């Protein structure tokens, strides 16, 4: 059972465009994390959101946790080629390991 | 900074061989994890460990075993490698308690021929 659905699965945009990717679930999570993975490397943690409605900014990246703590979004402003990668969301529930989505593969073309 | 290292970046083994993948973390983290990552299937949890000498099965443990004799080291063992175990293997660690943030190693791309 895939508890976290990420959309879109693939996204190819031009440098300078804005974009939003989504992470949705029917389950409530105590926290949610976003990771970025570059080709041939392991995922790297970008941010953790904990409180419903929370918004966190990391330079041009804005992360939001849904009010009900079931979903999250990542918005990138003025995308750059360095933003290219696989974006993974992961949800935490109780004492179980993180649940990962399958990711959104972003390609930013110069 | 947390550092998670994996013994090999690339590995080629023959069917039937016993394969050891080693993972070491240097931040005294309680929890360690082994995943495999395949196109279209995402990250799938193989085994995890919340303490030394302790292990728990993940979603796809068949064909794998693990060992955690020391806190900093978590080994994944393929008892008899098969071609369907060709994959990217990722090790991760986390502090423990209510801190779920995972730190990943660079991965081992294993090819079984």
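Residue numbers (my numbering), protein chains in the order written: chain A, 1 to 110; chain B, 1001 to 1113. Note that beta-carbon positions come from the ideal geometry of N, C-alpha and C, so glycine has one too. These figures come from a predicted structure and were not determined experimentally.
Q. Residue 1100(B) and residue 31(A) look like a contact to me (Cβ under 8 Å); what is the Cβ gap, rounded to whole Å?
A. 6 Å
Q) CA-CA distance, residue 25(A) and residue 67(A)? A) 13 Å
Q. Would the beta-carbon of residue 92(A) fall within 9 Å of that of residue 10(A)?
A. no
Q. Does the separation of the CB atoms of residue 1064(B) and residue 1056(B) fall below 9 Å?
A. no
Q | Beta-carbon proximity check, residue 1104(B) vs residue 87(A), cutoff 9 Å | A | Taking 9 Å as the cut-off, the beta carbon of residue 1104(B) is found no closer than this to the beta carbon of residue 87(A).
Q) So which residues of chain D does residue 98(A) contact, with C-beta pairs closer than 7 Å? A) Structure shown: chain D not included; protein chains present are A and B.
Q) Using DSSP with H/G/I as helix, E/B as strand and the rest coil, what is residue 1058(B)? A) coil
Q) Does residue 1074(B) have its Cβ less than 9 Å from a Cβ in chain A? A) Output row for residue 1074(B): interface = no.
Q.
Between which two residues does the beta strand (DSSP E) holding residue 62(A) run?
A. 61 to 65
Q.
Quick check on the DSSP output: the beta strand (DSSP E) that includes residue 56(A) runs from which residue to which?
A. Its beta strand (DSSP E) spans residues 55 to 58.
Q: Select from the region 35 to 50 of chain A all residues with a C-beta closer than 9 Å to any C-beta belonging to chain B, and list them in chain order.
A: 35, 37, 40, 41, 42, 43, 44, 45 and 48
Q | Candidates 1014(B), 1022(B) and 1031(B): closest to residue 1093(B) by CA position | A | 1031(B)
Q: Return yes when the Cβ of residue 1091(B) is within less than 9 Å of the Cβ of residue 1019(B), no when it is not.
A: no
Q: Kindly indicate if chain A contains any beta-carbon less than 9 Å away from that of residue 1063(B).
A: no
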